[in-house]
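Residue numbers (the working numbering): 1 to 355. Heads up, the beta-carbon is just placed ideally off N, CA and C, and yes, glycines get one too. Down below is the structure, laid out as structure tokens.
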């Protein structure tokens with residue numbers, strides 16, 4: 001039996017693994033990918049992070065390069081792979097966890113070839129698990145090309161013709177900017193877009209957010225509560241400038257679709273040839289068959305990543321404790337906190353299994 005099983009070997013799982021390794025715990029990370037970092041490698045080709053390298057590092061290891069500039073997605077993927085190797089974090093790849101159950105004071109973790117047992121389980125699979133596409137997409141004709149942003153790689157994928165990007169997050173706007181170089185692009189958003197610069201006076205916006213006490217403000221502080229209520233901004237002004245000069249048409253929320261036409265919330269409509277649905281993801285935790293682990297909506301019940309179920313924890317969730325909880329810059333702080341919780345529990349209950 002293991003001390004800990006971590007489900008997921010992305011940035012959250014690796015950050016947690018770093019601390020468990022320092023504490024000499026008997027643990028393993030399970031991940032369905034072929035390589036560490038594959039969730040980043042599969043992102044669209046031109047993806048560049050809006051956090052500078054200085055804010056893309058996990059505990060104990062910097063990301064090489066100019067710390068004030070912005071890394072590519074492949075840099076992050078390779079960094080995560082190197083991170084696991086440097087700290088000898090035990091990762092088992094090509095293993096999909098199908099089910100987790102509580103059995104007595106331990107957990108059973110079901111994989112295709114075996115059932116593993118552990119005193120603790122940490123869910124590090126993230127909240128971005130199942131791409132969400134609105135049901136109205138089914139009203140569009142078969143000759144309308146449709147793709148979710150998670151499947152988008154480059155403009156070469158998109159057939160000739162105009163493109164409607166639905167969704168005004170950072171992914172949607174970056175994809176719209178890329179496509180606008182060679183296509184007529186419309187972007188439809190459900191709320192007004194707000195933009196922040198990547199840098200102010202040569203310094204990253206994230207450095208300024210840290211300086212004024214917002215980036216790592218806990219959700220129970222007044223700063224954190226205020227920050228959480230704000231709509232996520234678009235980092236950088238590229239999309240804003242293209243909208244202003246007419247290179248990208250801006251429309252409100254899509255409310256209906258029929259054949260080759262979509263209707264917006266202002267009652268305007270347009271014909272569409274290609275649609276990129278940048279409409280986010282739906283969490284999927286149905287495989288966690290542990291009583292009281294989820295609320296009625298199917299979301300994890302936790303306080304700062306600590307479940308009400310003894311031995312069950314979460315890491316890497318959006319706003320788990322602060323704005324950076326789901327980002328490279330903040331997940332290490334949450335991992336350190338969970339590690340301290342586990343150590344305190346061990347000192348109280350003597351549940352530790354020696355390597």
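Could you give the residue range of the alpha helix (DSSP H) that holds residue i?
i           : result
residue 3   : It is not in any alpha helix (DSSP H) - residue 3 instead sits in the beta strand (DSSP E) that spans 2-7.
residue 329 : 328-349
Give the single residue among the options whose Cα lies nearest to the Cα of residue i.
i           : options               : result
residue 120 : 308, 312 and 200      : 312
residue 112 : 157, 31 and 169       : 31
residue 174 : 274, 43, 281 and 322  : 43
residue 266 : 92, 254 and 243       : 254
residue 184 : 278, 158, 219 and 248 : 248
residue 80  : 95, 96, 68 and 63     : 63
residue 138 : 275, 298, 304 and 338 : 275
residue 289 : 135, 97, 82 and 92    : 97
residue 326 : 192, 272 and 317      : 317
residue 237 : 176, 330 and 82       : 176
residue 287 : 335, 110 and 1        : 110
residue 169 : 208, 133, 146 and 233 : 233
residue 100 : 195, 16, 7 and 55     : 7
residue 28  : 20, 193 and 35        : 20
residue 71  : 46, 259 and 228       : 46
residue 49  : 338, 349, 339 and 328 : 328
residue 54  : 346, 330 and 334      : 330
Check residue i in the structure and name its three-state DSSP category.
i           : result
residue 186 : strand
residue 358 : Outside the displayed range of the chain (1 to 355) lies residue 358, so it cannot be described from this structure.
residue 147 : strand
residue 354 : Any reading at residue 354 must be qualified, since the residue scores a pLDDT of 48, below 50, and its modelled position is unreliable; the value itself is stated next. Residue 354: coil per DSSP, three-state reduction.
residue 50  : coil
residue 62  : coil
residue 92  : strand
residue 204 : strand
residue 99  : strand
residue 210 : helix
residue 251 : strand
residue 234 : strand
residue 42  : coil
residue 256 : strand
residue 358 : This structure cannot settle anything about residue 358, because the visible part of the chain is limited to 1 through 355.
residue 135 : helix
residue 297 : coil
residue 219 : coil
residue 85  : helix
residue 396 : Since the displayed the chain opens at 1 and closes at 355, residue 396 lies outside it and no answer follows.
residue 242 : helix
residue 317 : coil
residue 196 : strand
residue 57  : coil
residue 19  : helix
Based on DSSP bridge pairs, tell me the residues matched to residue i.
i           : result
residue 303 : 306
residue 120 : 4
residue 269 : 263
residue 130 : 282
residue 289 : 101
residue 28  : 5
residue 369 : Residue 369 cannot be examined here, being either before or after the span of the chain that is shown, 1 to 355.
residue 72  : 48
residue 140 : 259
With residue i as the anchor, note down where its beta strand (DSSP E) starts and where it stops.
i           : result
residue 384 : Outside the displayed range of the chain (1 to 355) lies residue 384, so it cannot be described from this structure.
residue 313 : 312-314
residue 277 : 274-277
residue 35  : No beta strand (DSSP E) contains residue 35, which DSSP labels as neither H nor E.
residue 107 : 106-110
residue 164 : 163-166
Report the CB separation of residue i from residue j in whole angstroms; it is logged as a contact under 8 angstroms.
i           : j           : result
residue 205 : residue 197 : 6 angstroms
residue 223 : residue 214 : 6 angstroms
residue 217 : residue 320 : Not confirmed; about 13 angstroms, so no contact.
residue 117 : residue 106 : 5 angstroms
residue 52  : residue 68  : 5 angstroms
residue 2   : residue 26  : 5 angstroms
residue 278 : residue 171 : 5 angstroms
residue 285 : residue 298 : 6 angstroms
residue 163 : residue 179 : 5 angstroms
residue 131 : residue 150 : 5 angstroms
residue 129 : residue 281 : 6 angstroms
residue 315 : residue 122 : 6 angstroms
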